[in-house]
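Working notes, structure below.
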Amino acid sequence: MGMTTLRSKTIWIIGASSGIGEALAKHLAAKGARVIISARREDKLQSICNNLDNRQNDHLFEAFDVTDLEAFKQTANKIQSEVNRIDSTILLAGTYDPKLIQDMDIETAHKIIDVNIKGALNLSHIMIPLLKKQNGGQLAFTGSVAGYKGLPKGQPYSATKAAIMNFTESLYVEEPGIDVRLISPGFVETPMTDMNDFEMPMVIKPDEAAKALAEGLLSNSYEIHFPKKFTFIMKFLRLLPHWLYFKITKKMMKEIENRAVQSGK
Ligand SMILES: NC(=O)c1ccc[n+]([C@@H]2O[C@H](COP(=O)([O-])OP(=O)(O)OC[C@H]3O[C@@H](n4cnc5c(N)ncnc54)[C@H](OP(=O)(O)O)[C@@H]3O)[C@@H](O)[C@H]2O)c1
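Going by the numbering used here, the sequence shown opens with residue 843, and the numbers climb by one from there.
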């Protein structure tokens, strides 16, 4: 059922105007895939699309907002009418605002929930019937290691990622005919994480993330997580009882804050 090669596969990346999505588009195009890239900023998409490898594959770009169900539907239908089959759809669109809960701007918090959760619900609502019509395909959602457990300055972002993890598990069980995947990145250096005011542990570059993600799409693993040395630590922390988890996390946060003070970040 899964994809065994990227060559000549049609892959729709939503959230590809920067960061991991942009790097993934470049990586997949270089591997011979036909890439369709989406996000809101059309100018960025156009320039990325024009510079992709293997241009004979007729890569496309379509700008829309994932929170706009009608625009999402129209875009999916347009793409479907232009390609034989959408082999894989990867939702990377997301938004973030690292703040303590007491400093959170409620309008921004609502926006994070809209993009990160509504976007995923809209994708499922539109793509499940479409994929069933074409006899299956891959559907990948993006969580985060931040969704494994509550972390300071991660709210409400981390909560939306925990929701995606839970939702994707339901979908995996409900839709055996669809190749449902969960992407769980650790820290990746992108415009999103540029706003972090702390030194990110085991941070990787977007092209490393893209490579790991592309390998994951071809594997049989439900969860595609990277970089493994960081994600395994986070997975371990998730298994601990609350009292021990809170103790370790508080200590880790103190160390990160001290390093930030020392480095002036
Ligand atoms: N970087 C990390 O360390 C990290 C770690 C864990 C998880 N993640 C997740 O990985 C995904 C990609 O993040 P990134 O780091 O690559 O961030 P990024 O560079 O900020 O990319 C986010 C992408 O989402 C698009 N987007 C945002 N709101 C949208 C909307 N309403 N409709 C359509 N597209 C929208 C943005 O483009 P436009 O502004 O043009 O719409 C952009 O292409 C996100 O889901 C993020 O939560 C990242």
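Positions of the beta carbon are idealized from the N, C-alpha and C atoms, including for glycine.
All figures in this text were calculated on a predicted structure; none of them were measured in a lab.
Am I right that residue i and residue j are in contact with their C-beta atoms under 8 Å? What's the rounded C-beta distance?
i: K1047; j: E1031; result: 6 Å
i: A867; j: A858; result: 5 Å
Measure the C-alpha to C-alpha separation of residue i and residue j and round it to an integer number of angstroms.
i: D1021; j: Y1014; result: 8 Å
i: N958; j: N896; result: 31 Å
i: K1071; j: V1045; result: 11 Å
i: K1096; j: A865; result: 33 Å
i: S1026; j: S986; result: 4 Å
i: K915; j: G996; result: 31 Å
i: W1085; j: M1076; result: 16 Å
i: T937; j: H967; result: 21 Å
i: M1050; j: P1069; result: Sequence check: residue 1050 is Glu here, not Met. If you take the alpha carbons of E1050 and P1069, they lie about 9 Å apart.
i: E1099; j: F1040; result: 7 Å
i: S1012; j: G863; result: 25 Å
i: H1067; j: T1010; result: 14 Å
When every heavy atom of ligand 1 is checked, does at least one fall within less than 7 Å of the C-beta of residue i?
i: E938; result: Reading the sequence as shown, one finds Tyr at residue 938 and not Glu. Yes; taking the cut-off as 7 Å, the Cβ of Y938 has a heavy atom of ligand 1 nearer than that.
i: R883; result: yes
i: G844; result: no
i: M969; result: no
i: I862; result: yes
i: P1027; result: yes
i: T1032; result: yes
i: A935; result: yes
i: T909; result: yes
i: A913; result: no
On the DSSP bridge list, what partners appear for residue i?
i: D1021; result: Q980
i: F903; result: I879
i: P1027; result: F1068
Let me confirm a value: residue i is counted as buried when at least 16 other C-beta atoms fall within 10 Å, else exposed. Which label applies?
i: V908; result: buried
i: G1028; result: buried
i: M1037; result: exposed
i: I799; result: The shown model of the chain, from 843 to 1107, leaves out residue 799, and the question about it has no answer.
i: I928; result: buried
i: N964; result: buried
i: V877; result: buried
i: I890; result: buried
i: G979; result: buried
Less than 7 Å between the CB of residue i and some heavy atom of ligand 3, yes or no?
i: K941; result: With respect to ligand 3, the structure offers nothing, as its ligand set consists of ligand 1.
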